[in-house]
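Residue numbering for the sequence shown follows our numbering, starting at 492 and increasing by one per position. In this text, a Cβ means the ideal position worked out from N, Cα and C, and glycines have one as well. Here's the structure, in structure tokens; my notes come after.
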Amino acid sequence: MGAAGLVAVALTGCSTDPNTDCGTALPSGKASQLVEATGKIGSKPKITIPTPLDTTKSERSILTEGTGEQVHKGQVVEIQYTILDGKTGQVQQTSYGSGDTYPLALGSGNAALSKGLQCAPVGSRVAVVISPKDAGGTGASSSGVLVVDILKAYLSKADGAVRPSVSGFPTVVLAPTGQPGITIPSSGGAPKKLRTEELKAGDGATVKKDSIAILQYTAVGWENKNVVFSSWQSGSPDIVSIGTGQSQLNQALPQSVLGQLVGKKVGSQVVVEAPAEGQVPAAAWVVDILGVR
Numbered sequence: 492m493g494a495a496g497l498v499a500v501a502l503t504g505c506s507t508d509p510n511t512d513c514g515t516a517l518p519s520g521k522a523s524q525l526v527e528a529t530g531k532i533g534s535k536p537k538i539t540i541p542t543p544l545d546t547t548k549s550e551r552s553i554l555t556e557g558t559g560e561q562v563h564k565g566q567v568v569e570i571q572y573t574i575l576d577g578k579t580g581q582v583q584q585t586s587y588g589s590g591d592t593y594p595l596a597l598g599s600g601n602a603a604l605s606k607g608l609q610c611a612p613v614g615s616r617v618a619v620v621i622s623p624k625d626a627g628g629t630g631a632s633s634s635g636v637l638v639v640d641i642l643k644a645y646l647s648k649a650d651g652a653v654r655p656s657v658s659g660f661p662t663v664v665l666a667p668t669g670q671p672g673i674t675i676p677s678s679g680g681a682p683k684k685l686r687t688e689e690l691k692a693g694d695g696a697t698v699k700k701d702s703i704a705i706l707q708y709t710a711v712g713w714e715n716k717n718v719v720f721s722s723w724q725s726g727s728p729d730i731v732s733i734g735t736g737q738s739q740l741n742q743a744l745p746q747s748v749l750g751q752l753v754g755k756k757v758g759s760q761v762v763v764e765a766p767a768e769g770q771v772p773a774a775a776w777v778v779d780i781l782g783v784r
């Protein structure tokens with residue numbers, strides 16, 4: 492895979508534990524320290540590198556350190572980026588000029604890119620030089636040079652105020668990462684109508700019908716008790732259109748479940764008892780609302 496593919500693959504991967512990743516962040520090195528980028532954070536930088544710029548081990552240097560919170564695996568961050576070919580110095584891809592930022596899930600896809608951004612504060616500009624080996628695939632013959640502005644980070648798990656549990660709903664136990672375990676009630680049968688319980692009440696932005704939401708979710712089938720949907724197992728939150736159901740992880744999320752999130756606030760965790768809908772069996776859903784775009 493060439494350097495231009497480094498960002499595009501970063502929304503798939505496997506589950507990771509946030510807040511324990513600073514020790515695995517890429518070190519600074521001679522190659523990354525040679526990258527110069529001038530200009531305001533969030534605006535297209537003027538990038539200068541010596542050519543050829545190559546490395547056998549991926550490196551990162553924080554060119555400008557932000558003042559926000561550090562970002563970790565399991566978070567979606569909004570970035571602007573430019574990718575250059577280390578051999579020629581030519582720009583291969585850039586997000587500047589598109590009029591929008593790019594949502595990137597850390598801990599997924601290209602490991603070197605994620606490790607290059609781990610534990611950098613929001614507001615930082617980071618130079619990441621990725622070795623041909625770490626770029627992935629068999630076609631990479633030169634190092635990839637990325638200059639990335641970290642502009643925003645979404646929650647990694649719901650952080651709202653805990654609400655009293657409601658009798659009769661599925662029982663939810665949370666791992667330290669926030670990933671839920673769901674126990675279906677032993678009596679009562681599969682739900683015939685939608686019911687919703689708010690386990691945590693957030694105080695962030697409100698989800699609207701036309702929102703693009705950052706979600707973590709697990710759904711357990713009512714009858715077979717198996718996990719039928721899980722963004723947690725994919726390794727990254729999902730980016731979902733509430734109005735259309737379009738999912739970054741290509742999950743066929745029921746419109747009825749998404750509709751129960753409208754009016755809820757970022758930081759909330761919601762349990763939805765959902766009847767069977769089309770090919771989706773009756774299930775208990777636990778959804779963390781991590782952000783809206």
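Our two residues, A692 and D650, have alpha carbons roughly 8 Å apart in a direct line. If you draw a straight line from the Cα of N601 to the Cα of D625, it is about 8 Å long. When the five nearest sequence neighbours on each side are left out, the beta carbons in the same chain lying within less than 6 Å of the beta carbon of G669 are those of K648, in order along the chain.
Shortest Cα-Cα distance from P676 to any of V663, P667, Q746 and P745 involves V663. In this structure, D729 keeps its C-beta atom at 7 Å or more from the C-beta atom of S721. Secondary structure note for S732: its beta strand (DSSP E) is the uninterrupted segment D729 to S732. In this structure, V711 lies away from A618, with their beta-carbon atoms at least 7 Å apart. In this structure, A596 and S727 form a Cβ contact; the two beta carbons are roughly 3 Å apart against a cut-off of 8 Å. At the C-beta level, I705 and L781 come within 7 Å of one another. If you draw a straight line from the Cα of V620 to the Cα of D512, it comes to about 19 Å. In this structure the segment 582 to 599 does not lie against the segment 546 to 560, because fewer than three pairs of beta carbons, one per stretch, are closer than 8 Å. By the neighbour-count criterion, in which 16 or more other beta carbons inside 10 Å mark a residue as buried, K564 falls on the buried side.
Along the segment 732 to 777, the beta strand (DSSP E) occurs as fully enclosed runs of 3 or more residues at 760 to 765, listed in sequence order. In the structure shown, the three-state DSSP call for A596 is strand. Put simply, the backbone Cα of V657 is about 52 Å away from that of S622. The Cβ atoms of P682 and P766 lie closer than 7 Å to each other. For L665, same chain residues with a beta-carbon under 6 Å away, outside a window of 5 residues either side, are P671 in chain order. L517 is a Cβ neighbour of E550, given a cutoff of 7 Å. The alpha-carbon of S552 is positioned some 6 Å away from that of Q524. Distances from the CA of G769 to each of K716, V748, V567 and A696 were compared; the closest alpha carbon is that of V748.
Taking 7 Å as the cut-off, the Cβ atoms of V783 and S702 count as close. For the 7 Å CB-CB criterion, V638 and I570 do not form a contact. Under the three-state reduction of DSSP, Q670 is assigned to coil, being neither helix nor strand. Secondary structure of K700 (DSSP, three-state): coil. For S523, the secondary structure class from DSSP, reduced to helix, strand or coil, is helix.
When the Cα atoms are used, Q724 and I673 turn out to be separated by approximately 14 Å. Residue range V718 to S721 is occupied by the beta strand (DSSP E) that includes S721. Taken through DSSP and simplified to helix, strand or coil, S552 comes out as strand. If you draw a straight line from the Cα of E689 to the Cα of Y708, it is about 14 Å long. Going by DSSP, D625 is part of the alpha helix (DSSP H) stretching over P623 to A626.
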